[in-house]
Structure formats: C-alpha cells, structure tokens
Amino acid sequence: MITENNTAPPLVLATRILAVGSLLGLIVLGLAWELYLAPIRPGSFLLAFKVLPLCIPLAGLLKNRMYTYRWVSLLVWLYFTEGAVRAYSDKPPSNYLAMVEVVLCLTLFVACALHVRLRLKAVRKEG
Numbered sequence: 001m002i003t004e005n006n007t008a009p010p011l012v013l014a015t016r017i018l019a020v021g022s023l024l025g026l027i028v029l030g031l032a033w034e035l036y037l038a039p040i041r042p043g044s045f046l047l048a049f050k051v052l053p054l055c056i057p058l059a060g061l062l063k064n065r066m067y068t069y070r071w072v073s074l075l076v077w078l079y080f081t082e083g084a085v086r087a088y089s090d091k092p093p094s095n096y097l098a099m100v101e102v103v104l105c106l107t108l109f110v111a112c113a114l115h116v117r118l119r120l121k122a123v124r125k126e127g
C-alpha cells in the first residue's frame with residue numbers, strides 16, 4: 001500500500017524498475033542494431049530514428065506517471081510487430097536481435113500492465 005511519504009510496495013517498485021529497464025534496453029538495442037550490429041545497409045543510419053518515439057515516454061516512466069505506463073503498453077506493440085516480422089524474415093544476426101526485441105517488448109508490456117494494476121489496487125486499499 002502507498003503510504004503518506006509516497007513509498008510504494010516492493011512489487012510496484014519492481015515493476016517500475018523492470019519497465020524502465022526494458023524501455024532503456026529497447027532504446028539501446030535499436031540504436032546498436034541499426035548503427036553498428038546489423039544495419040540493413042552499411043552506412044545507413046535512418047532506421048535508427050525508430051527509437052525516437054521510445055525516448056518520449058522515458059521521462060514519464062522516470063517520473064512515475066500512471067498515464068505514461070498506460071500508453072506505453074500500447075506503443076510497445078509496434079516494436080513487437082517489427083521484431084516478430086524481422087525475426088522470421090531477416091538473416092542472422094539481425095533475426096537474433098529481433099528476437100531480443102520481442103522479449104524486451106513483452107517484458108515492457110507485462111511490467112507496465114502489472115504496474116498499473118498494482119498501483120490501482122494500492123490506491124483502492126487506501127481509500
């Protein structure tokens with residue numbers, strides 16, 4: 001339960017850390033993938049801009065804004081779709097990176113969904 005000094009239960013804190021960590025992981029993976037590890041065309045950096053939309057919710061997650069957790073859980077499905085398609089259509093090592101992207105997306109979704117659910121449950125217990 002959330003107390004007066006705004007400390008969260010350990011599971012809420014764990015989901016927050018997991019959400020921020022997986023979002024950061026998606027940003028780092030996207031940049032490394034398209035700039036260094038397995039770019040579609042050598043010297044091309046345009047696909048690295050796909051991580052820009054992921055940078056927008058980072059501030060909201062760090063500030064623990066409930067609304068951000070909700071809409072990130074929807075945004076992440078775009079990256080999941082890209083990862084799933086590229087996991088089956090690309091050749092190694094790009095398909096392995098796509099599988100990592102899928103896992104990070106699923107982790108981010110579950111962390112956001114659990115975070116919202118647990119925080120709402122804690123608020124209901126207080127009130």
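Residue numbers (my numbering): 1 to 127.
Yeah, the Cβ is synthetic: ideal placement off N, Cα and C, and Gly gets one too.
Everything numeric in this text was worked out from a predicted model, so none of it was measured.
Quick one: Cα of residue i to Cα of residue j, how far?
i	j	result
Leu26	Val51	8 angstroms
Val85	Val72	20 angstroms
Arg41	Val102	22 angstroms
Thr81	Gly43	25 angstroms
Around the Cβ of residue i, are there at least 16 other Cβ atoms within 10 angstroms (buried) or fewer (exposed)?
i	result
Ser22	buried
Cys105	buried
Pro10	exposed
To the nearest whole angstrom, what separates the beta carbons of residue i and residue j, a pair I think is in contact under 8 angstroms?
i	j	result
His115	Val12	6 angstroms
Gly30	Ala48	7 angstroms
Tyr69	Leu61	7 angstroms
Phe45	Leu58	Not confirmed; about 21 angstroms, so no contact.
Please tell me whether residue i and residue j are closer than 8 angstroms, where the distance is taken between their beta carbons.
i	j	result
Asn64	Arg16	yes
Pro93	Leu37	yes
Leu108	Trp33	no
Leu18	Ala111	yes
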